[in-house]
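Undergrad: Going by the numbering used here, the sequence shown opens with residue 877, and the numbers climb by one from there.
Virtual Cβ for every residue (Gly too), placed ideally from N, Cα, C.
Computed from a prediction, not measured in an experiment: that's the story for all the values here.
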Amino acid sequence: GQEKCKCFQEEEYYRPFFLMRSILVEHCFNSYALLIGIMSNDIMKRNSDVLYDAKKQYHVRQPHPFFLCYSGDTRPSSFLVKTCQRVIRRNCDGHDISLLLHEATFDDDERGKKEAIQRRHSTVSEALDIADQVGAKACLLTHFSNRYHKLPPGIESLRLLCPPWLVDQQCCNSETIKSEVAPRSCYEANSHGLYVGFAVDGMIVPLTRSAMQALPILALCVKDILSEPLKLE
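1. Can you have a look at Gly1078 and say buried or exposed, based on whether 16 or more other CB atoms are within 10 angstroms of its CB?
2. I'd like to check one pair, Thr950 with Ser998: are the Cβ atoms closer than 8 Å?
3. In angstroms, rounded to a whole number, what distance separates the CA positions of Ser1001 and Val957?
4. Using only alpha-carbon positions, find the residue among Ser954, Ile1006 and Gly988 that is nearest to His978.
5. For Phe955 and Ile973, what's the separation of their Cα atoms in angstroms?
6. Expressed to the nearest angstrom, what Euclidean distance is found between the alpha-carbon atoms of Gln1046 and Leu1094?
7. Report the rounded CA-to-CA distance for Arg996 versus Pro952, giving the unit in angstroms.
8. Does the Cβ-Cβ distance between Lys1099 and Leu1016 come in under 8 Å?
9. What does DSSP give as the partner residues of Val1072 in its beta bridges?
10. If you run the structure through DSSP and keep just helix, strand and coil, what is Ser1103?
11. Less than 7 Å between C-beta atoms, sequence neighbours within five positions excluded: which residues of the same chain meet that for Glu1020?
12. Relative to the alpha-carbon of Phe897, which residue among Tyr946, Phe905 and Ser916 has its alpha-carbon at the smallest distance?
13. Taking only the alpha-carbon atoms, compute the straight-line gap between Asp985 and Phe942 and give it to the nearest angstrom.
14. Let me check understanding here. Comparing Cα to Cα, which of Gly948, Val963, Asn967 and His1025 lies closest to Ala1003?
Written out as C-alpha coordinates, the structure is:
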(Lines of atoms letter the chains of each structure in order from A and count residues from 1; the text may use other names and numbers.)
(Lines give C-alpha, C1' and ligand atoms only; values in the text may rest on other atoms or scores of the structure.)
Protein backbone atom coordinates (compact mmCIF):
# COMPACT_ATOMS: atom_id res chain seq x y z
CA GLY A 1 0.00 0.00 0.00
CA GLN A 2 2.84 2.38 0.83
CA GLU A 3 4.56 1.75 -2.54
CA LYS A 4 1.37 2.59 -4.47
CA CYS A 5 0.98 5.77 -2.43
CA LYS A 6 4.57 6.77 -3.20
CA CYS A 7 4.13 6.22 -6.94
CA PHE A 8 0.90 8.18 -6.91
CA GLN A 9 2.63 11.10 -5.24
CA GLU A 10 5.43 11.08 -7.83
CA GLU A 11 2.94 11.11 -10.71
CA GLU A 12 0.94 13.83 -8.99
CA TYR A 13 3.92 16.20 -9.10
CA TYR A 14 4.73 15.58 -12.75
CA ARG A 15 3.93 19.01 -14.18
CA PRO A 16 5.43 19.53 -17.64
CA PHE A 17 3.21 22.51 -18.46
CA PHE A 18 4.47 25.75 -16.96
CA LEU A 19 2.15 27.89 -19.06
CA MET A 20 -1.36 27.40 -20.44
CA ARG A 21 -3.58 30.09 -21.96
CA SER A 22 -6.90 29.86 -23.77
CA ILE A 23 -7.30 32.59 -26.39
CA LEU A 24 -10.63 33.70 -27.83
CA VAL A 25 -10.69 33.37 -31.63
CA GLU A 26 -13.07 34.24 -34.48
CA HIS A 27 -15.28 31.23 -35.21
CA CYS A 28 -18.50 30.22 -33.51
CA PHE A 29 -19.45 31.27 -29.97
CA ASN A 30 -16.90 30.28 -27.30
CA SER A 31 -14.16 29.20 -29.73
CA TYR A 32 -10.66 29.25 -28.30
CA ALA A 33 -7.09 28.68 -29.35
CA LEU A 34 -4.62 27.18 -26.87
CA LEU A 35 -1.07 28.25 -26.02
CA ILE A 36 1.02 25.78 -24.01
CA GLY A 37 4.52 26.12 -22.60
CA ILE A 38 6.22 22.76 -21.95
CA MET A 39 9.28 22.38 -19.74
CA SER A 40 9.63 18.68 -18.91
CA ASN A 41 13.13 17.24 -18.51
CA ASP A 42 12.86 15.28 -21.76
CA ILE A 43 11.66 18.29 -23.77
CA MET A 44 14.36 20.52 -22.29
CA LYS A 45 17.13 18.05 -23.16
CA ARG A 46 15.91 17.67 -26.75
CA ASN A 47 15.58 21.43 -27.26
CA SER A 48 18.83 22.80 -25.94
CA ASP A 49 21.94 24.58 -27.20
CA VAL A 50 25.48 23.64 -26.20
CA LEU A 51 27.39 26.85 -25.46
CA TYR A 52 30.98 27.44 -24.46
CA ASP A 53 31.43 29.25 -21.15
CA ALA A 54 34.72 31.14 -21.54
CA LYS A 55 34.85 32.02 -17.85
CA LYS A 56 34.49 28.44 -16.66
CA GLN A 57 36.23 27.07 -19.77
CA TYR A 58 33.83 24.25 -20.54
CA HIS A 59 30.71 23.67 -22.56
CA VAL A 60 27.33 24.09 -20.91
CA ARG A 61 23.91 23.00 -22.10
CA GLN A 62 21.32 25.75 -22.29
CA PRO A 63 17.82 24.21 -22.33
CA HIS A 64 14.83 25.81 -24.03
CA PRO A 65 11.13 25.36 -23.30
CA PHE A 66 8.79 24.27 -26.09
CA PHE A 67 5.88 26.57 -26.95
CA LEU A 68 2.95 24.97 -28.78
CA CYS A 69 0.03 27.02 -30.09
CA TYR A 70 -3.10 25.33 -31.45
CA SER A 71 -5.46 27.65 -33.33
CA GLY A 72 -8.59 25.53 -33.34
CA ASP A 73 -11.20 26.53 -35.94
CA THR A 74 -10.80 30.23 -36.65
CA ARG A 75 -10.45 33.10 -39.06
CA PRO A 76 -6.99 34.73 -38.99
CA SER A 77 -6.95 36.27 -35.53
CA SER A 78 -5.00 39.41 -34.64
CA PHE A 79 -5.94 38.78 -31.00
CA LEU A 80 -4.26 35.37 -31.19
CA VAL A 81 -1.11 37.00 -32.58
CA LYS A 82 -1.00 39.77 -29.96
CA THR A 83 -1.69 37.36 -27.07
CA CYS A 84 1.05 34.95 -28.15
CA GLN A 85 3.54 37.80 -28.46
CA ARG A 86 2.58 39.30 -25.10
CA VAL A 87 2.49 36.03 -23.14
CA ILE A 88 5.82 34.77 -24.44
CA ARG A 89 7.49 38.15 -23.92
CA ARG A 90 6.27 38.18 -20.34
CA ASN A 91 7.11 34.57 -19.46
CA CYS A 92 10.13 33.72 -21.57
CA ASP A 93 11.53 36.69 -23.47
CA GLY A 94 13.85 35.82 -26.33
CA HIS A 95 11.95 32.69 -27.36
CA ASP A 96 9.45 32.09 -30.14
CA ILE A 97 6.50 29.80 -30.78
CA SER A 98 8.17 26.45 -31.42
CA LEU A 99 5.20 25.02 -33.33
CA LEU A 100 1.97 26.58 -34.55
CA LEU A 101 -0.72 24.02 -35.35
CA HIS A 102 -3.11 26.05 -37.48
CA GLU A 103 -6.21 25.15 -39.43
CA ALA A 104 -6.07 25.66 -43.21
CA THR A 105 -9.55 24.55 -44.23
CA PHE A 106 -9.65 26.14 -47.67
CA ASP A 107 -7.36 26.79 -50.60
CA ASP A 108 -6.52 30.30 -51.78
CA ASP A 109 -8.62 30.27 -54.96
CA GLU A 110 -11.59 32.63 -55.23
CA ARG A 111 -14.07 30.03 -54.00
CA GLY A 112 -11.87 29.09 -51.07
CA LYS A 113 -11.32 32.68 -49.96
CA LYS A 114 -15.06 33.40 -50.14
CA GLU A 115 -16.07 30.33 -48.16
CA ALA A 116 -13.32 30.90 -45.58
CA ILE A 117 -14.95 34.24 -44.75
CA GLN A 118 -18.49 32.87 -44.81
CA ARG A 119 -17.70 29.84 -42.63
CA ARG A 120 -15.12 31.57 -40.44
CA HIS A 121 -12.17 29.42 -41.35
CA SER A 122 -8.68 30.12 -42.74
CA THR A 123 -6.99 29.53 -46.06
CA VAL A 124 -3.51 28.06 -46.47
CA SER A 125 -1.79 31.42 -47.01
CA GLU A 126 -3.71 33.01 -44.12
CA ALA A 127 -2.49 30.28 -41.78
CA LEU A 128 1.10 30.82 -42.91
CA ASP A 129 0.71 34.58 -42.43
CA ILE A 130 -0.35 34.01 -38.81
CA ALA A 131 2.66 31.74 -38.31
CA ASP A 132 4.85 34.53 -39.63
CA GLN A 133 3.26 37.15 -37.37
CA VAL A 134 3.59 35.12 -34.16
CA GLY A 135 7.21 34.35 -35.03
CA ALA A 136 6.67 30.60 -35.22
CA LYS A 137 9.66 28.46 -36.11
CA ALA A 138 7.44 25.76 -37.59
CA CYS A 139 3.84 25.45 -38.76
CA LEU A 140 1.77 22.30 -39.09
CA LEU A 141 -1.29 22.86 -41.31
CA THR A 142 -4.42 20.86 -40.57
CA HIS A 143 -8.24 20.66 -40.84
CA PHE A 144 -8.44 20.59 -44.64
CA SER A 145 -11.92 20.62 -46.16
CA ASN A 146 -13.18 17.20 -47.27
CA ARG A 147 -13.85 18.70 -50.70
CA TYR A 148 -10.15 18.10 -51.35
CA HIS A 149 -9.59 14.40 -51.88
CA LYS A 150 -5.89 14.80 -51.12
CA LEU A 151 -4.51 18.20 -50.13
CA PRO A 152 -5.63 21.70 -51.17
CA PRO A 153 -4.16 22.39 -54.64
CA GLY A 154 -2.26 25.41 -53.32
CA ILE A 155 -0.29 23.18 -50.97
CA GLU A 156 0.76 20.96 -53.86
CA SER A 157 2.64 23.89 -55.40
CA LEU A 158 4.16 25.16 -52.12
CA ARG A 159 7.92 24.76 -52.04
CA LEU A 160 9.08 23.65 -48.63
CA LEU A 161 11.91 25.21 -46.70
CA CYS A 162 14.41 22.81 -45.16
CA PRO A 163 17.81 23.15 -43.46
CA PRO A 164 20.76 22.21 -45.72
CA TRP A 165 22.03 19.53 -43.32
CA LEU A 166 18.71 17.68 -43.62
CA VAL A 167 18.48 17.94 -47.41
CA ASP A 168 22.06 16.68 -47.73
CA GLN A 169 21.41 13.45 -45.83
CA GLN A 170 21.85 10.31 -47.93
CA CYS A 171 18.29 9.25 -47.16
CA CYS A 172 17.03 12.50 -48.75
CA ASN A 173 18.68 12.30 -52.16
CA SER A 174 15.62 11.47 -54.23
CA GLU A 175 14.80 13.72 -57.20
CA THR A 176 11.43 14.57 -55.64
CA ILE A 177 13.05 16.00 -52.53
CA LYS A 178 15.69 17.85 -54.54
CA SER A 179 13.03 19.51 -56.67
CA GLU A 180 10.48 20.31 -53.97
CA VAL A 181 12.61 21.14 -50.91
CA ALA A 182 14.79 24.23 -50.78
CA PRO A 183 17.75 24.87 -48.44
CA ARG A 184 17.26 27.20 -45.51
CA SER A 185 19.30 29.89 -47.27
CA CYS A 186 16.95 30.01 -50.24
CA TYR A 187 14.41 32.55 -49.00
CA GLU A 188 12.65 32.74 -52.36
CA ALA A 189 11.41 29.18 -51.90
CA ASN A 190 9.35 30.11 -48.87
CA SER A 191 8.80 33.79 -48.17
CA HIS A 192 7.68 32.98 -44.62
CA GLY A 193 11.03 31.46 -43.69
CA LEU A 194 9.60 28.68 -41.51
CA TYR A 195 9.34 24.90 -41.59
CA VAL A 196 5.94 23.81 -42.90
CA GLY A 197 4.24 20.44 -42.66
CA PHE A 198 0.79 18.91 -43.16
CA ALA A 199 -1.09 16.98 -40.49
CA VAL A 200 -3.05 13.82 -41.25
CA ASP A 201 -5.01 11.43 -39.05
CA GLY A 202 -2.82 9.24 -36.86
CA MET A 203 0.31 11.38 -37.25
CA ILE A 204 2.64 11.56 -34.24
CA VAL A 205 5.31 14.27 -34.22
CA PRO A 206 7.90 14.54 -31.41
CA LEU A 207 8.08 17.99 -29.85
CA THR A 208 11.75 18.50 -30.63
CA ARG A 209 13.73 21.03 -32.66
CA SER A 210 15.01 18.37 -35.07
CA ALA A 211 11.47 17.10 -35.68
CA MET A 212 10.29 20.63 -36.49
CA GLN A 213 13.10 21.00 -39.03
CA ALA A 214 12.12 17.65 -40.56
CA LEU A 215 8.47 18.69 -41.13
CA PRO A 216 9.09 19.52 -44.84
CA ILE A 217 10.47 16.02 -45.47
CA LEU A 218 7.54 14.53 -43.58
CA ALA A 219 5.20 16.67 -45.71
CA LEU A 220 6.59 15.10 -48.87
CA CYS A 221 5.94 11.65 -47.40
CA VAL A 222 2.35 12.69 -46.68
CA LYS A 223 1.91 13.90 -50.26
CA ASP A 224 3.27 10.61 -51.61
CA ILE A 225 0.98 8.57 -49.36
CA LEU A 226 -2.10 10.56 -50.37
CA SER A 227 -1.21 10.27 -54.06
CA GLU A 228 -1.33 6.48 -53.89
CA PRO A 229 -4.73 4.99 -54.83
CA LEU A 230 -6.56 3.32 -51.96
CA LYS A 231 -6.31 -0.45 -52.21
CA LEU A 232 -9.09 -2.47 -50.61
CA GLU A 233 -8.35 -6.11 -49.87
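TA: In brief:
1. Against the sequence shown, residue 1078 aligns to sequence position 202. Exposed.
2. Your numbering for residue 998 matches position 122 in the sequence shown. Your numbering for residue 950 matches position 74 in the sequence shown. It is a contact, given that the beta carbons lie within the stated cut-off.
3. In the sequence shown, counting from the first residue as 1, residue 1001 sits at position 125. In the sequence shown, counting from the first residue as 1, residue 957 sits at position 81. Cα to Cα, the separation comes out at about 15 Å.
4. Indexing the sequence shown from 1 puts residue 978 at position 102. The candidate whose alpha carbon is nearest that of His978 is Ile1006.
5. Working through the sequence shown from its first residue, we reach residue 955 at position 79. Working through the sequence shown from its first residue, we reach residue 973 at position 97. Taking the straight line joining both Cα atoms gives about 15 Å.
6. Position 170 of the sequence shown, counting from 1, holds the residue named residue 1046. Position 218 of the sequence shown, counting from 1, holds the residue named residue 1094. Its pLDDT being 45, under 50, Gln1046 is placed unreliably by the model, and the measurement read from it follows with that caveat. Computed Cα separation, rounded: 16 Å.
7. Taking the sequence shown and counting its residues from 1, one reaches residue 996 at position 120. Taking the sequence shown and counting its residues from 1, one reaches residue 952 at position 76. If you take the alpha carbons of Arg996 and Pro952, they lie about 9 Å apart.
8. Position 223 of the sequence shown, counted from the first residue, corresponds to residue 1099. Position 140 of the sequence shown, counted from the first residue, corresponds to residue 1016. Contact flag unset, no.
9. For the purposes of this step, residue 1072 is taken as residue 196 along the sequence shown, with counting starting at 1. Bridge partners of Val1072: Cys1015.
10. Position 227 of the sequence shown, counted from the start, is the residue given in the question as residue 1103. Note: Ser1103 maps to helix in three-state DSSP.
11. As a position in the sequence shown, residue 1020 is number 144, starting the count at 1. Before going on, a small fix: residue 1020 reads as Phe here, not Glu. Excluding residues up to 5 positions away in sequence, Ala980, Thr981, Leu1027 and Pro1028 lie with their Cβ nearer than 7 Å to the Cβ of Phe1020 in the same chain.
12. Translated into the one-based positions of the sequence shown, residue 897 becomes position 21. Reading off the sequence, residue 897 comes out as Arg, not Phe. The shortest C-alpha separation from Arg897 is found at Tyr946.
13. Counting from one through the sequence shown, the residue named residue 985 turns up at place 109. Counting from one through the sequence shown, the residue named residue 942 turns up at place 66. Their backbone Cα atoms lie some 34 Å apart in a straight line.
14. On the sequence shown, residue 1003 is found 127 positions in, with the first residue counted as 1. Looking from the CA of Ala1003, the closest CA among Gly948, Val963, Asn967 and His1025 belongs to Gly948.
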